[in-house]
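A.B. asks: For the sequence shown, position 343 matches number 382 in the working numbering, and the numbering has no gaps at all.
Each residue gets a CB set at the ideal place from its N, CA and C atoms; glycine is no exception.
Being a predicted model, the structure only gives us computed values, none of them experimental.
The structure's right below; bear with me while I get my questions together.
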Amino acid sequence: MRLFLTTLFTALLLVATSSVTAQDERAIEEKRKAIAALEKRIAAEEEAINKIQKSRKNTEERARRLARQIEQRNRLLGETEREAKRLEGEIAKSDRRADSLQTALDRNEKEYITLARESYRNYRQQNYISYIFSSRNFADIARRISAMREMAALRDRKLREIKELKQSVADERLRLDERQHELDSVSEKVSGQKMRLQRDATAAKQEIRTMSNKEKQAMQRKVAQEEQLSVAISELRKLTKGNKEGASFSKRTSGLNLPVVGGHVKRYKGNMAEITGSRGATVRSIYEGKVVDVKRNRITAKYEVFVAHGEYITSYTNLGSIAVEKNQKVAKNQALGTVGAAVNVTTMETEYKLVFGIYSPNPNETLSASTCFKK
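In structure tokens, the structure reads:
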């Protein structure tokens, strides 16, 4: 029974190793494609920036393109760093799998040595003949011969398992070496991206210094217009009619947590608020409800999530990643995604912010975003 369980465990280990490896390979390939697409867009943007003449009328366009370049570089850096973390995780898993396979191999080799030693001892002492002739009857003889054949077959199976395990250990060690080389390459890319990000930021700040305050304000207004919600709230209101999820929410609801974990409000603008936080900070739903829409901004490439609390709507824009999908029910303080990077076009400094909005079911009623966070 113990031998059967050991063999079964070994077989399951080999199957699990091949299955997990295939899934990991697919995930890594998808990540590589995303990084390659970002690198291509950044290269195209750099070419466009270089073609723009440094005349006064083109200064604003260069500054805006440099700001977008910094944002894209931040995204690429984030993706590359996540790829490095993924590879670190793969290395750790491969190392554990290799150790498990090596342990199984060692155990099988010890068991085979024991079987071979016992078989040789019986052969030297001519115990096979005495074992058979000491049988009580012909049925007992047949049973003992069958047992001897089973032992021989067991030795053969052990040899095959040992051979397979040795190959699996070698394959896993090779995979481990490949992952380590990949990690070294990605780590070099991270360092290079950080240097190029610093270069872009320096160039952008030089462009900004040549602009007047009036020009900076005009550019800021244009950027703000670009970042407006891509979906009309009036259309979303149609989707919230009769919604029961989070229906206890009202304009008098207060004392809620900020939607950015560890964040702070940078500014309130009527029904909206800019909330900054640390890089990768979690964005959470301020109240229980239902996700009525998830969009990706065509210009900024950031995500926008809209949650209905009864017939009230809260919007969460400039998310770097999302953790929910349309029509999903969410609990109070449940993660919606992570805060995205944004470039302050008047300083060219990178910040991580969420643009939060709150809307009443009555189109003529304007709510203050600051109300629901009052303690």
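List the whole-angstrom C-beta distance separating Y326 from K371, where the pair is believed to meet the contact cut-off of C-beta under 8 Å.
C.D. replies: 5 Å
A.B. asks: Do the CB positions of E150 and K197 come within less than 8 Å of each other?
C.D. replies: yes
A.B. asks: Taking all protein chains shown into account, decide if G231 is buried (16 or more other Cβ within 10 angstroms of its Cβ) or exposed.
C.D. replies: exposed
A.B. asks: Can you tell me the Cα-Cα spacing of V333 and A106, whole angstroms?
C.D. replies: 25 Å
A.B. asks: If you measure between the beta carbons of L297 and I314, is that distance less than 8 Å?
C.D. replies: yes
A.B. asks: Go ahead and pull the three-state DSSP assignment for S269.
C.D. replies: Only weak support exists for where S269 lies, its pLDDT of 40 falling under 50; the coordinates are left without a value.
A.B. asks: Report yes if the CB atom of A381 is closer than 8 Å to the CB atom of Y307, and no otherwise.
C.D. replies: no
A.B. asks: How big is the Cα-Cα spacing for N310 and T405?
C.D. replies: 7 Å
A.B. asks: Please look up how many angstroms separate the CB atoms of I352 and I272, rounded, as I've assumed it's under 8 Å.
C.D. replies: Indeed they touch by this definition, with Cβ atoms about 6 Å apart.
A.B. asks: Do the CB positions of K368 and K329 come within less than 8 Å of each other?
C.D. replies: yes
A.B. asks: What residue range is occupied by the uninterrupted beta strand (DSSP E) comprising A374?
C.D. replies: That run of the beta strand (DSSP E) goes 374-383.
A.B. asks: Is the CB-CB distance between Y391 and G379 below 8 Å?
C.D. replies: A Cβ-Cβ contact shorter than 8 Å links Y391 with G379.
A.B. asks: Name the DSSP beta bridge partners of M311, please?
C.D. replies: K308, G396
A.B. asks: So, at 7 Å on beta carbons, what are the nonlocal neighbours of A240 in its own chain, with the 5 sequence-adjacent residues on each side left out?
C.D. replies: I109, M387
A.B. asks: What residues match up with L358 in a beta bridge as DSSP calls it?
C.D. replies: Y342, V378
A.B. asks: By Cβ distance below 7 Å, which residues in the same chain neighbour A362 in space, the five residues on each side in sequence not counted?
C.D. replies: A374, L375, G376
A.B. asks: Mark Q111 as exposed unless 16 or more other C-beta atoms lie within 10 angstroms of its C-beta, in which case mark it buried.
C.D. replies: buried
A.B. asks: How long is the line joining the alpha carbons of E118 and L236, rounded to whole angstroms?
C.D. replies: Going from the Cα of E118 to the Cα of L236 covers about 14 Å.
A.B. asks: Let's see if you can read the secondary structure: which residues bound the beta strand (DSSP E) around G328?
C.D. replies: 328-335
A.B. asks: Locate the beta strand (DSSP E) running through V322, then write down its first and last residues.
C.D. replies: Start and end: 321-323.
A.B. asks: Do you know how far the Cα of T339 is from the Cα of L222?
C.D. replies: In a straight line, the C-alpha of L222 is about 29 Å away from that of T339.
A.B. asks: Where does T405 sit, in a helix, a strand or coil, going by DSSP?
C.D. replies: coil
A.B. asks: Does the segment 210-227 come into contact with the segment 134-142, if we say contact requires no fewer than three beta-carbon pairs (one atom in each stretch) closer than 8 Å?
C.D. replies: The way I'd put it, the segment 210-227 does touch the segment 134-142; three or more beta-carbon pairs between them come closer than 8 Å.
A.B. asks: What do you get for I247, buried or exposed, if any count of 16 or more other CB atoms within 10 angstroms of its CB means buried?
C.D. replies: buried
A.B. asks: Where DSSP assigns a beta bridge to E388, which residues make up the other side?
C.D. replies: N383
A.B. asks: Check G316 in the structure and name its three-state DSSP category.
C.D. replies: Of the three classes helix, strand and coil, the one that applies to G316 here is strand, per DSSP.
A.B. asks: Run the CB neighbour count on G349, radius 10 Å, all protein chains shown included, and call it buried at 16 or more, exposed below.
C.D. replies: By the neighbour-count rule (16 or more Cβ atoms within 10 Å), G349 is buried.
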